[in-house]
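First up is the structure itself, then whatever we jot down about it.
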Amino acid sequence: MEDFSLPHDSFFLGLDSSTQSLKATVLDSNLNIVGSELVRFDSDLPHYKTKDGVYRDPSINGRIVSPTLMWVEALDLILSKFSDSNFDLRKIAAVSGSGQQHGSVYWKNGSSSILSSLDPKKRLVDQLGDAFSTKESPIWMDSSTTEQCREIEKAVGGALELSQLTGSRAHERYTGPQIRKIFETQPEVYQNTERISLVSSFVASLLIGAHACIDETDGAGMNLMDIKKRVWSDRALEATAPGLEQKLGKLAPAHAVAGNISPYFVERFSFNKDCLIIQWSGDNPNSLAGLTLNTPGDLAISLGTSDTVFGITDDPQPRLEGHVFPNPVDTKGYMVMLVYKNGSLTREDVRNRYAEKSWETFNAFLQQTQPLNGGKLGFYYKEHEILPPLPDLICMYLLTCVVGFHRYILENFNGDTLEGLDEREVEEFDPPSEVRALIEGQFLSMRGHAERFGMPSPPKRIIATGGASANQSILNSIASIFGSDVYTVERPDSASLGAALRAAHGWLCNQKGTFVPISDMYKDKLGKTSLSCKLAATAGDAQLVSKYGLFLKKRIEIENRLVQRLGRC
Ligand code: ADP
Ligand code: XUL
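Following this line, the structure appears as structure tokens:
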């Protein structure tokens with residue numbers, strides 16, 4: 022039998038450049054975690070003055086960006102943390118990583134020569150100050166490109182056509198609409214740009230000292246790639262901006278080698294000169310890898326800054342709702358995903374307003390209230406939401422109206438019937454009910470939209486990840502609402518874990534000179550690795566699950582009405 026083991030005594034580093042932090046996880050050759058580090062943008066790099074890792078532009082509705090150089094300095098800092106703790110970076114055989122999806126970086130004309138001649142005596146941040154044609158990178162939270170979305174959809178023959186071509190209809194946060202906006206509103210920046218990277222390929226570029234390719238998986242989050250052929254789509258490129266293909270470079274599969282680590286890191290941090298940089302990908306695709314999601318009936322729920330729900334399929338059907346990306350560890354398979362903007366930051370907001378700014382109080386409130394919340398239903402939109410999908414014509418108006426909290430009471434709801442319900446809109450609930458309405462609202466919405474998107478219902482099992490998956494009370498609510506067992510992995514950061522796993526996988530594929538199915542790499546030893554999933558909450562009883570089904574039906578009805586009503590305001 023062919024040997025797929027990893028070289029003894031070698032390590033694999035996974036980084037995750039996310040919205041609020043840069044995280045690192047190191048796996049050994051038995052796929053056990055042997056190191057981790059974290060840089061929080063707001064507190065570890067306070068001079069950038071970000072809040073939650075971002076700038077919310079008060080002058081342009083929906084414009085949200087992050088300082089590109091902050092991500093560079095975070096890389097300087099996290100590698101220094103490893104060095105300062107005497108972690109032996111020489112043992113690292115390969116590095117890969119995750120970027121928050123959709124965010125983009127604009128490399129200035131001439132920047133490739135800066136990138137290839139970095140001085141190891143100086144920090145990266147001190148040498149790359151002049152490498153970008155704009156210092157602020159648009160990120161996934163941005164919703165300022167509605168006009169560009171509609172123009173791009175129109176140019177390719179409609180929203181559904183674009184979705185079937187690229188895997189998603191046009192979304193404000195997607196990179197194509199963001200690029201078109203830059204081309205339209207800052208033409209000098211566009212002209213002065215030699216390469217556009219995603220956050221993922223950007224950090225890979227720093228590591229190889231050259232512009233890295235965009236990987237096919239994260240590339241699907243741009244509205245620019247033909248999802249079936251996995252090449253740039255001429256129609257989508259033309260609909261976006263002139264001369265774009267040249268600025269994007271080539272696409273590469275996620276398991277490919279981006280390059281060897283650049284001499285800068287060998288000299289400054291004692292990396293081995295043979296250390297490989299494997300293509301970086303998006304955080305959600307890497308989470309899929311880190312959660313070892315390989316059964317179509319399984320569902321993953323990631324509770325980070327954004328909340329996402331995803332699963333795998335061999336036969337994706339792109340629609341107006343949801344997204345299709347290639348599977349980063351299976352060259353033929355796909356992942357399907359739903360995304361919510363109102364994730365952890367909205368939970369924090371409700372915690373701060375109603376639960377004394379404490380997760381303990383928040384959890385106590387969840388425990389002391391009953392499932393179905395006495396018929397209290399809430400819609401909590403701190404940020405412009407992606408789901409429910411907004412009808413085309415009213416979209417622009419909705420952007421200013423949909424944000425806010427909306428609460429309803431179904432007076433005599435007992436979970437058995439929707440007949441004869443007395444429904445009222447109210448200003449506020451008591452604090453414990455606010456917390457339950459938020460959590461039930463978020464996960465009912467996920468269950469409803471996931472069912473509508475054709476995801477498994479009930480899922481065979483749910484694997485939860487992301488910062489909030491550390492919260493047992495939240496996991497219990499998920500189990501009751503979906504009627505599935507909920508599992509977690511050793512650390513709530515499956516994106517950097519998945520990146521480390523992909524580093525090992527890419528190393529192995531390179532070694533064998535061909536694509537190796539990832540299951541061949543961890544086959545019989547998965548249970549003994551840091552990737553094994555553990556049961557965290559058992560499925561709720563069937564009767565409650567069906568009562569939640571009824572509650573959900575009513576919620577969707579109110580959601581539709583709310584969208585219509587807000588659309589007219
Ligand atoms: P990202 O990768 O998008 O930057 P993370 O996955 O690191 O985000 O998640 C960060 C979020 O996790 C924080 O905003 C915080 O609200 C949430 N979080 C951390 N601990 C808890 C907890 N015990 N209960 C609920 N949420 C939590
Ligand atoms: C996915 C999305 C977010 C970001 C944030 O489409 O917009 O989940 O990847 O991490």
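Numbering (the working numbering), first residue to last: 22 to 590. Every residue gets a Cβ at the ideal spot worked out from N, C-alpha and C, and that includes glycine. Note that the structure is a prediction, hence the values are computed from the model and not measured.
(request) Helix, strand or coil for Lys44, going by three-state DSSP, please let me know. (result) Strand.
Item to complete: Indicate the three-state DSSP secondary structure (helix, strand or coil) for Gly120 in the structure shown.
Response: Per DSSP, reduced to three states, the secondary structure at Gly120 is strand.
Self-check item: Val510 burial status per 10 Å Cβ neighbour count (16 or more: buried)
Solution: buried
Asp500 versus Leu258 - alpha carbon distance: Here residue 500 turns out to be Ala, not Asp, going by the sequence shown. Ala500 and Leu258: Cα-Cα distance of roughly 43 Å.
Handout entry: Three-state secondary structure assigned by DSSP to Leu420
Key = Unreliable positioning characterises Leu420 in this predicted model, as indicated by a pLDDT of 44, which lies under 50. The coordinate reading is nonetheless provided below. Reduced to three states, the DSSP call for Leu420 is helix.
Item to complete: Go ahead and label Thr421 buried or exposed: buried means 16 or more other beta carbons lie within 10 angstroms of its beta carbon, across all protein chains shown.
Response: Low confidence applies here, because Thr421 scores a pLDDT of 43, under 50, leaving its location unreliable; read the following figure in that light. Thr421 comes out exposed.
* Under the three-state reduction of DSSP, which class applies to Ala279: helix, strand or coil? -> Ala279 falls in the strand class under three-state DSSP.
Taking just the CA atoms, how far does Pro198 sit from Thr167?
-> 8 Å
*asked:* Can you give me the C-alpha to C-alpha distance between Thr214 and Glu205, rounded to a whole angstrom?
replied: Roughly 14 Å between the two C-alpha positions.
* Can you pull every residue whose C-beta falls closer than 7 Å to some heavy atom of the ligand XUL, listed in chain order? -> Residues with a Cβ closer than 7 Å to any heavy atom of the ligand XUL, in chain order: Ser39, Thr40, Gln121, Gln122, His123, Trp161, Arg194, Gly242, Gly303, Asp304, Asn305, Gly325, Thr326, Ser327, Thr329, His344, Met358, Val360.
Check: Where Pro453 and Asn394 are concerned, what is the direct C-alpha to C-alpha distance, given to the nearest angstrom?
Finding: 9 Å
Q: Specify, as a first and last residue, the run of the beta strand (DSSP E) that Asp328 falls within.
A: 328–334 is the span of the beta strand (DSSP E), which, as asked, contains Asp328.
Within 10 Å of its beta-carbon, does Asn433 have 16 or more other beta-carbons around it, so buried, or fewer, so exposed? exposed
Open item on the list: Let me check understanding here. Comparing Cα to Cα, which of Thr46, Gly240, Ser39, Ala491 lies closest to Val93?
Closed with: The shortest CA-to-CA distance from Val93 to any of Thr46, Gly240, Ser39, Ala491 is the one to Ser39.
- prompt: If you check the beta carbons only, do Val357 and Ile539 fall under 9 Å apart?
  reply: no
Report yes if the C-beta of Ala95 is less than 8 Å from at least one heavy atom of the ligand ADP; otherwise report no. Result no, Cβ not under 8 Å from the ligand ADP.
Output the distance between the C-alpha atoms of Gln121 and Asn497, rounded to the nearest integer angstrom.
When only Cα atoms are considered, Gln121 and Asn497 end up about 27 Å apart.
Item checked: Three-state secondary structure (DSSP) of Leu66 -> coil
* To do: Following the continuous beta strand (DSSP E) through Ser218, name the residue where it begins and the one where it ends.
  => 214–219
Please identify the residue among Lys175, Leu265, Leu565, Ala277 whose C-alpha is closest to the C-alpha of Asn435.
Leu565
Ordered along the chain, which non-local residues of its own chain (more than five positions away) have a Cβ less than 7 Å from that of Thr550?
Asn51, Leu52, Asn53, Tyr543
- prompt: If you draw a straight line from the C-alpha of Arg457 to the C-alpha of Ala260, how long is it?
  reply: 44 Å
From the DSSP output, in three-state form, read off Ile160 for me.
The answer is coil: DSSP assigns Ile160 none of H, G, I, E or B.
- [ ] Measure the CB-CB distance between Ala95 and Ala524 and report whether it falls below 9 Å.
- [x] Against a cut-off of 9 Å, the Cβ pair of Ala524 and Ala95 comes out as no contact.
Rounded straight-line distance, which links the Cα of Met91 to that of Leu66:
7 Å
Can you name, in chain order, every residue of its own chain whose Cβ lies under 7 Å from the Cβ of Leu100, other than the five neighbours on each side? So the list reads Phe290, once near-sequence residues are dropped.
Point to revise | Pick from Leu245, Leu439, Phe223, Asp63 that is closest to Arg190, judged by C-alpha positions | key: Leu245
Item to complete: Would you check if the stretch 293–300 and the stretch 309–320 touch, i.e. whether three or more CB-CB distances between them fall below 8 Å?
Response: no
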